[in-house]
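Q: Take this structure first; my questions come after.
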Amino acid sequence: MIEYTNITKDLPESVPFVGPETQERNLGFSFLARLGANESGFGPSNDAIKIMARESKNIWKYGDPESYDLRRALADKHHVSMKNIVVGEGIDGLLGYLVRLFISPGDNVVTTNGAYPTFNYHVIGFGGKLSKVEFLDDREDLNSILAAAIKTKAKLVYCSNPNNPMGTINNPNHLADFVKELPSECLLCLDEAYCDFLDADLIPKIEVENQKIIRMRTFSKAYGLAGARCGYAIGSEGLIKSFDKIRNHFGMNRTAQLAALASVKDKNHISEVRKKVKSSISTLSEIAIENKCLPVDTYANFIAIDCRKDDIFAKKVVKELAKRKIFVRMPFSYPQNRCIRVSAGSMDDMNIFRKEFSEVLKELR
Ligand SMILES: Cc1ncc(COP(=O)(O)O)c(C=O)c1O
1261 MIEYTNITKD LPESVPFVGP ETQERNLGFS FLARLGANES GFGPSNDAIK IMARESKNIW
1321 KYGDPESYDL RRALADKHHV SMKNIVVGEG IDGLLGYLVR LFISPGDNVV TTNGAYPTFN
1381 YHVIGFGGKL SKVEFLDDRE DLNSILAAAI KTKAKLVYCS NPNNPMGTIN NPNHLADFVK
1441 ELPSECLLCL DEAYCDFLDA DLIPKIEVEN QKIIRMRTFS KAYGLAGARC GYAIGSEGLI
1501 KSFDKIRNHF GMNRTAQLAA LASVKDKNHI SEVRKKVKSS ISTLSEIAIE NKCLPVDTYA
1561 NFIAIDCRKD DIFAKKVVKE LAKRKIFVRM PFSYPQNRCI RVSAGSMDDM NIFRKEFSEV
1621 LKELR
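My numbering numbers the first residue of the sequence shown as 1261 and each following residue consecutively.
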């Protein structure tokens, strides 16, 4: 029998997220409202849709392994050099590359308990040792992350801003100070998957050549291209170049590259999506309050709704909503797991959620 590596042998049979499709197969029906994965029900830019339709017949070609045109457009957007940008198969793919670049078995990594689990999945997959600090007031606790990084001599720390699952943010100046205080042997992976929903003054301004930070961005959220699998990282030239040693050079889907490029060029789409998200989030807050729950102040395209009981109750709410064909999720860890997490969606989605959420709560209370 061929032996697995020591790391693989010991890995748990874990799946970071069970997809809604798996749930649909188990339940025997399709969801009516898909509000659990923070996708954008408002869809991609029309320009992206057009180019995907037009170029589908050219899918016989590999994508450009350098994602040149897309990197050019992203460099212009962020006022950095193309050498500061690497494109990859969503943030999820880039997180895997990042961990592979830095983490050998036994190396220390710090994250927040209950923060984005795909990062943890990669760290464990490369044999890294994860330390988890707690959220503070439903925010990533920068002081605790820093203290744990220093204590464990961590090589990598992870923070998301806005964070998943609570949608809260850290003050941009605090984040910039946090980077200054990090030891020079430690790299911050700042996951900004949801930063397209933020006003510019809430996004930390940090010199792109600062070697202590890499920022992760995606087309999966505001740009509405989750299924295309396209993300990018912004960082110092040397760090970005090092991805070339290990990345899957032909990993980018050609149509996804073209759709992402069309989306970056379409300035109107994002502002339209932001308006729709704002309106949907305010409807979800109203629904929470109508039902004597507490909406958590969110800066993302989803909202955590505090059901004002414990995790067992929140789990029941999620399960009962699923039976009523509504897909939502909930945070994994205490005390955030008192909440359910609901993505922004169309008016139809909101109407379905309004009706079923209130009935589920009546039933369970
Ligand atoms: C914080 C965070 N990072 C990354 C991702 C995934 O991004 P991508 O689709 O680019 O892999 C998600 C998706 O839910 C997320 O919440």
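Note that CB positions come from ideal geometry on N, CA and C, so glycine has one too.
Under 7 Å from any heavy atom of ligand 1, does the C-beta of S1420 make it?
A: It does: the Cβ of S1420 is within 7 Å (strictly closer) of some heavy atom of ligand 1.
Q: Can you determine whether any heavy atom of ligand 1 sits closer than 7 Å to the C-beta of I1351, and answer yes or no?
A: Checking every heavy atom of ligand 1 against the Cβ of I1351, one is found closer than 7 Å.
Q: Alpha carbon to alpha carbon, how far is V1468 from G1356? Give it in angstroms, no decimals.
A: For G1356 and V1468, the distance between alpha carbons rounds to 21 Å.
Q: Hey, is A1409 close to ligand 1, as in C-beta under 7 Å from one of its heavy atoms?
A: Incorrect: A1409 has no Cβ contact closer than 7 Å to ligand 1.
Q: Reducing DSSP to helix, strand and coil, say where V1577 ends up.
A: Looking at V1577 - three-state DSSP - the assignment turns out to be helix.
Q: Consider the Cβ of V1383: report whether some Cβ of chain B lies at a distance smaller than 8 Å.
A: Absent from the structure is chain B; it holds one protein chain and no more.
Q: Rounded to a whole number of angstroms, what is the C-alpha to C-alpha distance between S1300 and C1446?
A: S1300 and C1446: Cα-Cα distance of roughly 34 Å.
Q: Buried or exposed, going by whether 16 or more other CB atoms sit within 10 Å of the CB of K1481?
A: Buried.
Q: In the DSSP assignment, find the unbroken beta strand (DSSP E) run with L1416 in it and report its ends.
A: Segment L1416 to S1420, the beta strand (DSSP E) holding L1416.
Q: Out of G1484, G1350 and S1502, state which residue places its alpha-carbon closest to the alpha-carbon of T1378.
A: The option with the nearest alpha carbon to T1378 is G1350.
Q: What is the rounded straight-line gap between the Cα of L1624 and the Cα of S1496?
A: When rounded, the distance between both Cα atoms is 52 Å.
Q: In this structure, how does DSSP classify T1478 when only helix, strand and coil are distinguished?
A: Looking at T1478 - three-state DSSP - the assignment turns out to be strand.
Q: Specify the secondary structure class of N1368 as computed by DSSP and reduced to three states.
A: It is a strand residue.
Q: Check D1401 in the structure and name its three-state DSSP category.
A: D1401: coil per DSSP, three-state reduction.
Q: Compare the beta carbon distance of P1591 and G1374 with 8 Å and say whether it is the shorter of the two.
A: In contact: P1591 and G1374 (Cβ atoms closer than 8 Å).
Q: CB of A1486 to nearest heavy atom of ligand 1: below 7 Å?
A: Correct: A1486 has its Cβ closer than 7 Å to ligand 1.
Q: Quick one: does the C-beta of N1368 sit closer than 7 Å to a heavy atom of ligand 1?
A: No; taking the cut-off as 7 Å, the Cβ of N1368 has no heavy atom of ligand 1 nearer than that.
Q: Which stretch, first to last residue, makes up the alpha helix (DSSP H) that contains D1566?
A: Not the alpha helix (DSSP H): D1566 falls in the beta strand (DSSP E), residues F1562 to D1566.
Q: Would you check if the stretch 1339-1353 and the stretch 1476-1495 touch, i.e. whether three or more CB-CB distances between them fall below 8 Å?
A: The stretch 1476-1495, when compared against the stretch 1339-1353, does touch it at the 8 Å Cβ threshold.
Q: Y1572 to D1398, Cα distance in whole Å?
A: Checking the sequence shown, residue 1572 turns out to be Ile, not Tyr. Those two C-alpha atoms are separated by around 19 Å.
Q: Considering only residues of the same chain and omitting the five flanking positions on each side of Q1517, which have a CB-CB separation below 6 Å?
A: The residues are G1323, S1327 and L1330.
Q: Have a look at the DSSP bridge pairing and note the partners of R1589.
A: R1589 pairs with R1601.
Q: Based on DSSP bridge pairs, tell me the residues matched to S1523.
A: Its beta-bridge partners do not exist; DSSP assigns none.
Q: Closest to V1370 by C-alpha separation, out of V1393, L1361, E1273 and F1362, would be which residue?
A: When each option's Cα is compared against that of V1370, the closest is V1393.
Q: Which runs of the alpha helix (DSSP H), 4 residues or longer, sit entirely within the stretch 1321-1391?
A: The stretch 1321-1391 contains these whole alpha helix (DSSP H) runs: 1328-1338, 1350-1362 and 1377-1385.
Q: Under a three-way DSSP split, which group does C1490 fall into?
A: In the structure shown, C1490 sits in coil (DSSP, three-state: anything other than H, G, I, E or B).
Q: Count Cβ pairs between the stretch 1470-1481 and the stretch 1310-1318 that sit closer than 8 Å; are there 3 or more?
A: Verdict: no, contact absent.
Q: Taking Cβ positions, are P1365 and G1385 nearer each other than 8 Å?
A: Their beta carbons are not under 8 Å apart, which means P1365 does not touch G1385 by this criterion.
Q: I want to know whether the stretch 1584-1604 touches the stretch 1291-1306 - three or more CB-CB distances under 8 Å.
A: The stretch 1584-1604, when compared against the stretch 1291-1306, does touch it at the 8 Å Cβ threshold.
Q: Counting along the chain, where does the beta strand (DSSP E) carrying D1451 start and finish?
A: First-last of the beta strand (DSSP E) with D1451: L1447 to D1451.
Q: What do you reckon, is the C-beta of G1491 under 7 Å from a heavy atom of ligand 1?
A: Yes - ligand 1 has a heavy atom lying nearer than 7 Å to the Cβ of G1491.
Q: If I measure Cβ to Cβ from A1582 and keep anything under 7 Å in the same chain, skipping five residues before and after, which residues do I get?
A: Excluding residues within five positions, the ones whose Cβ falls inside 7 Å are Q1283 and L1287.
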